[in-house]
């Protein structure tokens, strides 16, 4: 047997688990189940859905460690349980939520966090005929949001205008996952019929379709592998063995490669880090996180290592690089949601590349997503495409700016019918008041 070991900068990545005092606990988690990740985060906050009326969501600043105390302000404005939510990547204080009440709501989180419970959304979107199950913000276009629901529709919204800009009714069974490709040209879905569909919402057309990603009946998930044109799917065999497959989106007849992972029941959530080319696989219902390196040419994916834990994950997410401890060589951070003694616990797991030098390691930290949009919604809808804006993570690169950065517009939501009616009622009341004053003064009112 060959003793060859493939060289990789990330081969010796290890996971640093947090101390108990650095975790977040005491969440009375929602009992609603589905295809969602259950936890999402950005550089300022993370969010988890709670049990209770109004579809409550806890939005927690990272400095607020420890127990989530009863009476802490929350987001609670739905009429049913919240099934998914997503932070706007270009406005970190905007959170979209999807609910069993058929609506999508967009919330404005104050910069310092919630000081009181939030019940009035900035935007209220209606269009799905059944519960809304998944949400994904566009990776490059400002204020563009995709959603799927129990009505099997994939919709795209301009949340600033509060309008639906695309509806595609191309599924006839439960949609299990929804993602955008690297530039946001296409969305991709997995569904209960075992198919993967690549859809162009601007053309209202399915541009490619994979008939059977995995043979098993359990849920399948997918992730695009950056700008390579490849994507990964994770699913099950007929014998309930978990599988990873890599596909070329332009040649879907057969996978480029296949890896049999293990025999377990939990659905796997895939996360791809475009900067390091590392694919992380987090299993729902188990405590392990496996990671692989994506490469050009056969075999297209190499196993790196695995983090093992006895605490089973309910959900997971990975945070933007701008929120990491770069000088400690932290190349990724995963928020792992577990349920312990009936209470939700969020553990930040740091993935670290061991290095002896204290200097900035530019070979493991290439330019990363800046948090700025490449396009405005109208430009994208008109047919424009652009890659994500990048910025240097080097703290000594004073005033580092994203390449060709687009100007960031402040978020100004369109006024709702209720808001317009309220303003009209106030205007009528003011007119009546002024008319009475003129009459009392004996002046003409025409």
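Residue numbers (our numbering): 363 to 808.
No residue lacks a Cβ here, since even glycine has one placed at the ideal position from N, Cα and C.
Residues that residue i bridges to, as DSSP identifies them
i	result
residue 469	457
residue 488	465
residue 421	409
residue 517	509, 529
residue 694	713
residue 586	593
residue 602	BP columns for residue 602 are empty, so no partner.
residue 677	699
residue 632	643
residue 663	656
residue 370	None; residue 370 has no bridge partner.
residue 731	752
residue 476	In the DSSP output, where bridge partners are listed per residue, residue 476 has none listed.
residue 607	595, 620
residue 428	386
Burial state of residue i (16 or more Cβ within 10 Å)
i	result
residue 602	exposed
residue 746	exposed
residue 709	buried
residue 792	exposed
residue 798	exposed
residue 414	exposed
residue 418	buried
residue 765	Low per-residue confidence applies at residue 765: pLDDT is 47, beneath 50, and the placement is therefore not dependable, though the value from the model is reported in the following sentence. Classification for residue 765: exposed.
residue 753	buried
residue 769	Low local confidence applies: a pLDDT of 47 at residue 769 is under 50, so the model's placement there is unreliable, with the coordinate-based value given in what follows. Residue 769 comes out exposed.
residue 809	The shown model of the chain, from 363 to 808, leaves out residue 809, and the question about it has no answer.
residue 498	buried
residue 809	This structure cannot speak to residue 809, because the chain is shown only from 363 to 808.
residue 638	buried
residue 750	buried
residue 501	buried
residue 458	buried
residue 625	exposed
residue 384	exposed
residue 365	For residue 365, the predicted structure reports a pLDDT of 47, less than 50, and the residue's modelled location is therefore unreliable. A value from the coordinates is still provided. Flag for residue 365 reads exposed.
residue 652	buried
residue 545	buried
Reduced DSSP secondary structure (H/G/I, E/B, other) of residue i
i	result
residue 806	coil
residue 721	coil
residue 795	helix
residue 385	coil
residue 767	Because residue 767 sits at a pLDDT of 43, beneath the cut-off of 50, its placement in the model cannot be relied upon, and the following sentence gives the value as read from the coordinates. DSSP places residue 767 in coil when its eight states are reduced to three.
residue 379	coil
residue 597	strand
residue 743	helix
residue 537	strand
residue 688	helix
residue 683	helix
residue 497	strand
residue 323	The first residue shown for the chain is 363 and the last is 808, placing residue 323 beyond what the model contains.
residue 625	strand
residue 705	strand
Integer-rounded CB distance, given that residue j should sit under 8 Å from residue i
i	j	result
residue 714	residue 690	7 Å
residue 894	residue 597	Outside the shown range of the chain (363 to 808) lies residue 894, about which nothing can therefore be said.
residue 553	residue 535	5 Å
residue 490	residue 517	7 Å
residue 659	residue 647	Not really, about 34 Å apart at Cβ, beyond 8 Å.
residue 644	residue 634	No, residue 644 and residue 634 are not in contact; Cβ-Cβ is about 12 Å, not under 8 Å.
residue 880	residue 655	Because the chain in this structure spans residues 363 to 808, residue 880 falls outside the shown range and cannot be described.
residue 494	residue 461	6 Å
residue 595	residue 584	5 Å
residue 679	residue 642	That belief does not hold up - the Cβ atoms of residue 679 and residue 642 are roughly 10 Å apart, past 8 Å.
residue 606	residue 540	About 19 Å separates the two Cβ atoms, so there is no contact after all.
residue 619	residue 663	6 Å
Proximity test, residue i beta-carbon vs the ligand HEM heavy atom, cut-off 7 Å
i	result
residue 445	The model on display carries no ligand, and the ligand HEM is accordingly not part of it.
Neighbour flag for residue i against chain C, beta carbons, 8 Å
i	result
residue 687	Absent from the structure is chain C; it holds one protein chain and no more.
**Message:** So, does the region 445 to 454 touch the region 495 to 515, judging by three or more C-beta pairs under 8 Å?
**Reply:** yes
**Request:** Pair every Cβ in the region 390 to 397 with every Cβ in the region 409 to 418, then say whether three or more of these pairs are closer than 8 Å.
**Result:** yes
**Prompt:** Should the region 728 to 741 be regarded as contacting the region 677 to 693, the criterion being three or more beta carbon pairs within less than 8 Å?
**Reply:** yes
**Prompt:** At a cut of 8 Å, does the region 736 to 744 reach the region 413 to 428 through at least three beta carbon pairs?
**Reply:** no
**Request:** Say whether the region 666 to 674 touches the region 395 to 402, bearing in mind that this needs 3 or more beta-carbon pairs closer than 8 Å, one atom from each stretch.
**Result:** no
**Any 3 or more C-beta pairs closer than 8 Å across the region 425 to 437 and the region 466 to 485** = yes
**Message:** Measuring CB atoms only, is the region 556 to 572 touching the region 609 to 629, in the sense that at least three cross pairs come out at less than 8 Å?
**Reply:** yes
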